[in-house]
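Engineer: Below you will find the structure I want to go over with you.
Numbering (the numbering used here), first residue to last: 43 to 158.
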């Protein structure tokens, strides 16, 4: 076995260089809080084609006011979840889905997707 160079060694579950930079910039306590926050798994948001309530139940999540289904502590691969193969939903941050919802019905209109 070979050891990693010191610059790549992990401290606080982050590369040493990153941890050191946080400590220099924010101080030890704030750096510790930032590194601790990075250990928390983010929720996964799903945009659904229809019936957000049904999909919230099937996926073990909640329906946000926007109609997005949010799942905390997702277990397993997204591709193995019910509805994936059928295209019943797609992973999309709740905030990212807002612009399309604000446009309303765009059937027959040209829409440019500038984020793909």
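We put the CB at the ideal spot given by N, CA and C, even for glycine.
Since this is a predicted model, take the numbers as computed values, not measurements.
If the criterion is Cβ atoms closer than 9 Å, does the pair residue 94 and residue 113 meet it?
Structural biologist: No.
Engineer: With respect to the alpha helix (DSSP H) encompassing residue 155, which residues constitute its N-terminal and C-terminal limits?
Structural biologist: From DSSP, residue 155 is part of no alpha helix (DSSP H); its letter is neither H nor E.
Engineer: For residue 55, tell me which candidate among 66, 75, 127, 136 has the shortest Cα-Cα distance.
Structural biologist: Ranking the options by Cα distance to residue 55, first place goes to 75.
Engineer: Counting only the same chain and skipping the five closest in sequence on each side, list residues whose C-beta sits under 7 Å from that of residue 85.
Structural biologist: These residues qualify, in order along the chain: 112, 113, 114.
Engineer: Once DSSP output is grouped into helix, strand and coil, what is the label at residue 81?
Structural biologist: The answer is coil: DSSP assigns residue 81 none of H, G, I, E or B.
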